[in-house]
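Undergrad:
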Amino acid sequence: MNSLTWDQVHARRLARHHLVKPVSGDLRKPVRDVCGVQSQVAAAAELAIGSRVKGATQEQVRAELYDRKRLVKTYSLRGTLHVHAADELALWMAAMRWKPYWRAKDSWHAHHGLTAKQGEAFVDAVREALDGECLTREELAGEVSGRVGAWAKDKLASNWGELLRPVAYLGVLCFGPVRGAKVTYVRPDRWAGLKTEVKDQPDPEESAMEIVRRYLRAYGPATHQDLARWFALRPPEAREALESLGDEVAQVEVEGRKAYVLAADEGRWPSDPSCLRLLPQYEAYVLGSGPKEVVVPKDTAARVFQHGRGRYEGAVAHQIMLVDGVVSGMWERREKGGKVEIKLESFVELDSGQTGELEREVERVGRFYGAEATLSMGRLTGKKR
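Quick note: the sequence shown uses our numbering, first residue 307, plus one each step.
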């Protein structure tokens, strides 16, 4: 069994996430390689993608989403909004229909208090309503309820989109461009020419196993508990998924912790994790990497808990400074007078080399937003500055 250090693990994860050396050109590559980018906060997803592509701007990321349509936003992992490469949407939606998302035929209907007939009618109504249309939630609710009955309007009233998730997994719905402050929905085939409905999707189990492979490549070494948390599986299901890959996976030991990697990756371990990045909230690296106490040390977690939404969601709720693969600070951004003002609370003392990296990161964030950026240091209060 190969023995590794956490420095080696951090170094490889950072490289696989394109945080050491951003890619050039294609914005889809980092999205694929990190297994999608969480997008419940659209601006956070935009910065997460831009942080992994050399010279990328917010305008370019938005163009990929809404003009070129090579990236697409939809419900995905953990039932949460994610950005995926458009040409992989069918793969991801098929994987979402693997257990536990789709445990048995018609189970999603019963989960939402519908009969199988009502569920089928609901999906058909959404498909018809979005035929060549781009609708807000309210507009979609009106169109669907007009076709199947008033009960559908009540079901669609929730901001959490519980009843829209299974429709997305069936490949009938994804997100369109924002209209003012409102999200919109479109049909993938009409919006981007994508064949994503069930008849065009790959096998759900095979798709899910491919996602597990990709997870191990980006976030490994990982335990079955790490996989369960990330993929929203039950621990026994996650263990079964890993074991089903057979000799495609290998066990390693990281400073006393046993975990899995892809067997093809077993001998490829860089040793230097040196890297400082300013990253957004809901950052993929933090969401997927385990164990939590290594990526977010105990003292850091305690400070994060005191600030804003950190009490409820931990470090992922904040814009973070990542130093050598470990959360080492949090930051806030505001735009004022045509400039981007960044305030950073560092939890560690930075050496001269890291200070230089920080200055370059501040400049990069400014360029991403098309403005000059300034930096101030101090304890974050959460109050408007």
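Just so you know, even glycine gets a beta-carbon here, dropped at the ideal spot from N, CA and C.
Indicate the three-state DSSP secondary structure (helix, strand or coil) for residue 481 in the structure shown.
TA: Three-state DSSP puts residue 481 in a strand.
Undergrad: Residues in the same chain with beta-carbon distance under 7 angstroms from residue 335, minus the five sequence neighbours each way, listed in chain order, please.
TA: So the list reads 329, once near-sequence residues are dropped.
Undergrad: Assuming residue 379 contacts residue 498 under a Cβ cut-off of 8 angstroms, what Cβ separation, rounded to an integer in Å, is found between them?
TA: Actually they do not touch by this definition, with Cβ atoms about 11 angstroms apart.
Undergrad: Would you please state the rounded distance, in angstroms, between the beta carbons of residue 592 and residue 312? I believe it to be under 8 angstroms.
TA: About 15 angstroms; that fails the 8 angstroms criterion.
Undergrad: Output needed for residue 438: all residues of its chain with C-beta closer than 6 angstroms, excluding positions within five of it in sequence on either side, in chain order.
TA: 496, listed in sequence order.
Undergrad: How many angstroms separate the CA atom of residue 571 from the CA atom of residue 308?
TA: One C-alpha to the other measures close to 11 angstroms.
Undergrad: Straight-line CA distance for residue 611 to residue 620?
TA: For residue 611 and residue 620, the distance between alpha carbons rounds to 6 angstroms.
Undergrad: Taking all protein chains shown into account, do 16 or more other C-beta atoms lie within 10 angstroms of the C-beta of residue 361, making it buried, or fewer, making it exposed?
TA: Classification of residue 361: exposed, given that the 10 Å Cβ count is below 16.
Undergrad: Just how far apart, CA to CA, sit residue 582 and residue 393?
TA: Whole-angstrom Cα-Cα distance: 32 angstroms.
Undergrad: Going by DSSP, what residues sit across from residue 391 in a beta bridge?
TA: Its beta-bridge partners are 377.
Undergrad: Residue 685 and residue 651 - do their beta-carbons sit closer together than 8 angstroms?
TA: Closer than 8 angstroms, so yes.
Undergrad: Of the residues 388, 324, 396, 341, which one's Cα is nearest the Cα of residue 352?
TA: Closest option to residue 352, Cα to Cα, is 388.
Undergrad: Which residue comes first and which comes last in the alpha helix (DSSP H) that contains residue 513?
TA: Note, residue 513: alpha helix (DSSP H), 510 to 525.
Undergrad: Look at the alpha carbon of residue 345 and the alpha carbon of residue 588, and state the distance between them as a whole number of angstroms.
TA: Looking at the two C-alpha atoms, the distance is approximately 8 angstroms.
Undergrad: With respect to the beta strand (DSSP E) encompassing residue 403, which residues constitute its N-terminal and C-terminal limits?
TA: Run containing residue 403: none; DSSP gives neither H nor E here.
Undergrad: Between the alpha carbons of residue 663 and residue 636, how many angstroms are there, rounded?
TA: The straight-line gap from Cα to Cα measures roughly 16 angstroms.
Undergrad: Output needed for residue 677: all residues of its chain with C-beta closer than 8 angstroms, excluding positions within five of it in sequence on either side, in chain order.
TA: The answer, listed in chain order, is 641, 644, 645, 646.
Undergrad: Quick one: give me the first and last residue of the alpha helix (DSSP H) that residue 672 is part of.
TA: It spans 658 to 674 - the alpha helix (DSSP H) in which residue 672 sits, taken as one unbroken run.
Undergrad: Between residue 507 and residue 475, what straight-line distance do the alpha-carbon atoms span, to the nearest angstrom?
TA: For residue 507 and residue 475, the distance between alpha carbons rounds to 10 angstroms.
Undergrad: Residue 539 and residue 566: beta carbons closer than 8 angstroms?
TA: Their beta carbons are not under 8 angstroms apart, which means residue 539 does not touch residue 566 by this criterion.
Undergrad: Report, in whole angstroms, the separation of the C-beta atoms of residue 415 and residue 461, which I expect to be a contact under 8 angstroms.
TA: Actually they are not in contact, since the Cβ atoms of residue 415 and residue 461 sit about 12 angstroms apart, beyond 8 angstroms.
Undergrad: Going by Cα to Cα distance, which pick from 505, 654, 446 is closest to residue 492?
TA: Of 505, 654, 446, the residue nearest in Cα terms is 446.
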